[in-house]
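Here is the structure we will look at, set down as structure tokens.
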Amino acid sequence: NAGLGQAGLYIVTVTDANSCSSTDTTEVVVLANPIVQAFSADTLLCFGDPTILIALGTADIYTWLPADGLNTTMGDTVLANPIDSITYVLTGIDNTTGCQSTDTILIQVFDLPLVEAGPDTFVCAGADLQLGGSPPGGTWTDAAGMVIPNSIYNQPIPGTYTLYYDYSDGNECSNVDSLEVCVLSNPIADFSLDMTTVCTGTTIAATNLSNVLGDCQAAEFHWSVQFEAADCHQDSTGWFFASGGPNSVDASFGFTLSGVYTITLTVHNVCDTVATSQVVEVGAAPEVVIDPLPLLCADFEVQPTADILACNSPIDSILWTFSGAVSPTTSTQLVPGTVVYPGPGVFIMTLTIGNACGVTTDSYTFEIFDLPEVTASNNGPLCEGEDLQLTAGAPTGVSYQWSGPNGFV
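Read in our numbering, the sequence shown has 200 at position 200, and its numbers run on one by one without any break.
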């Protein structure tokens, strides 16, 4: 191997068998190889990190091999991003002499640590969530990059939040994993009704206004209706779902029977179970029955009364009509007082009662009878000891009852 020390004039002498000799010279020229050095400020890389390779020296042309992970193989500065540890060979060439030199550089690539933030989870607004993460010893941050102290996350505002777990190993290589936290509302049950006082046959719409409607994890809803009481019946089956159902978000209710009903909305999520109620009053047309009158014999004055049920809707109109009466012929009072009729006969009285839900009329037919004519006589005067004969003249179809002195019946 020729070195710079081998340069110079070389003399050769040749002697034959006759002891004759000749001499000649040759000059050896040894050209200096270019200086070549491969350099990088970062020879220890984490997977995915690049480094810059720099060629130092006196060469005119530099090439890098192998090409794995390089952005180019030519130049005094190249970008390397290998996926595994690798030794790059730098070759420098002097354009004038054609001489070349090589150097090598080892780039070590470390795998990133396997980091697990954990599964997506949920927490109630304002409650502490203890975060884990593997391997232990990493750092939790929120989407804004703020460090979560002691790995305890507390968020008062419901919503979906992304949290990041960053871990660095002994090679100073780091990796990040994330999870989503669903922050749930502490439920507040609320709903509105488009009407709270209606008549049978009307539908009431209930709109759910609970604060959990927009939560990232759906809450459970339950609608129920409780029959409380009614003026006109005790049947608790007078309602139905007109739309929706027991577990729908919104619902509407139809009513076939009057009464007071309590509509309740129960809201459940993992944070709590709460309920709220509203009362509705369902009316119907009133019920009315005119009370029977006693037997009327030549009694031309009557006092009508009636049994009235408002059916959960206030009475707003009353009208008595007394056909054939002398006075009054009508009345707007529930108890009209004395009604005078002209004499015996068959008469009809009616009572019409109204409320916001309808009008009901009852009629009652009755008869005022004339007194039967009767004439009493006897066979006296009599002598003591004679038989007494009493007679009574009266229409047929009547009954008789006598009474007299000394307990005579």
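For glycine and all other residues, C-beta sits at the position ideal for the given N, C-alpha and C.
Are P464 and F300 close, meaning C-beta to C-beta below 8 Å? Because the chain here runs from 1 to 409, residue 464 falls outside it and cannot be looked at.
Enclosing beta strand (DSSP E) for A376 [first to last residue]: Here the beta strand (DSSP E) through A376 covers 375-378.
For a minimum of 3 consecutive residues, which ranges assigned as the beta strand (DSSP E) are wholly contained in the stretch 22-68? Counting whole runs of 3 or more residues, the stretch 22-68 contains the beta strand (DSSP E) stretches 36-39, 44-46, 51-57, 61-65.
Can you check which of these residues, V89, I368, A392, E367, is closest to T375 by C-alpha distance? From the listed residues V89, I368, A392, E367, the smallest Cα separation to T375 is found for A392.
Counting beta carbon pairs with one atom in the stretch 127-139 and one in the stretch 154-167, are three or more of them shorter than 8 Å? At 8 Å Cβ cutoff, the stretches touch.
Go through its chain and collect everything with a Cβ distance to D24's Cβ below 7 Å, but skip five positions before and after it. Here D24 has V12 as same chain residues with Cβ atoms under 7 Å from its own Cβ, once five neighbours each way along the sequence are excluded.
Secondary structure of Q130, DSSP reduced to three states: Looking at Q130 - three-state DSSP - the assignment turns out to be strand.
Between G259 and E228, how many whole angstroms is the CB-CB distance? I'm expecting something under 8 Å. Rounded to whole angstroms, the Cβ separation of G259 and E228 is 7 Å, and the two are in contact under 8 Å.
Could you check which residue in L388, G397, Y62 has the C-alpha nearest to that of P405? Of L388, G397, Y62, the residue nearest in Cα terms is L388.
By Cβ distance, which residues of its chain are closer than 7 Å to N95, with the 5 residues on each side in sequence left out? In the same chain as N95, and ignoring 5 residues on each side of it, the C-beta atoms closer than 7 Å to its own belong to D60, I61, in chain order.
Look up G92 in the DSSP assignment and say whether it is helix, strand or coil. In the three-state reduction of the DSSP assignment, G92 falls in the strand class.
Hey, how far is the Cα of T266 from the Cα of M195? Cα-Cα distance, rounded: 20 Å.
Separation of V30 from L53, as counted between CA atoms: Cα to Cα, the separation comes out at about 31 Å.
Would L309 and E281 be called neighbours here (beta carbons separated by less than 8 Å)? No. Outside cutoff.
DSSP-derived helix/strand/coil call for L257: In the structure shown, L257 sits in coil (DSSP, three-state: anything other than H, G, I, E or B).
Can you grab the Cα-Cα spacing for the pair G201 / D120, in whole Å? Taken atom to atom, the span from the alpha-carbon of G201 to that of D120 is near 49 Å.
Where N150 sits in the DSSP three-state scheme: If DSSP states are grouped into helix, strand and coil, N150 belongs with the helices.
Work out the CA separation of V225 and G238 for me, nearest whole Å. Near 10 Å, if we compare the C-alpha coordinates of V225 and G238.
My output table needs one value for N406: the three-state DSSP class, helix, strand or coil. N406 falls in the helix class under three-state DSSP.
Along the chain, which unbroken stretches of the alpha helix (DSSP H) at least 4 residues long are found entirely within the stretch 180-240? Counting whole runs of 4 or more residues, the stretch 180-240 contains no alpha helix (DSSP H) stretch at all.
Three-state secondary structure assigned by DSSP to L319: The three-state secondary structure of L319, taken from DSSP, is strand.
State buried or exposed for N312, treating a residue as buried only when at least 16 other CB atoms are found within 10 Å of its CB. With 16 or more Cβ atoms within 10 Å of its Cβ, N312 is classed as buried.
Please determine if the stretch 133-151 and the stretch 77-86 are in contact, where contact requires at least 3 C-beta pairs separated by less than 8 Å. Under the 8 Å Cβ criterion, the stretch 133-151 does not count as touching the stretch 77-86, having fewer than three qualifying pairs.
Please go through the same chain and pick out, in chain order, the residues whose beta-carbon is closer than 6 Å to the beta-carbon of C99, but skip the five residues on each side of it. Leaving aside the five residues that flank C99 on each side, the residues in its chain whose CB is nearer than 6 Å to its CB run, in chain order, L31, N33.
Ends of the beta strand (DSSP E) at I83? It is not in any beta strand (DSSP E) - I83 carries neither H nor E in the DSSP assignment.
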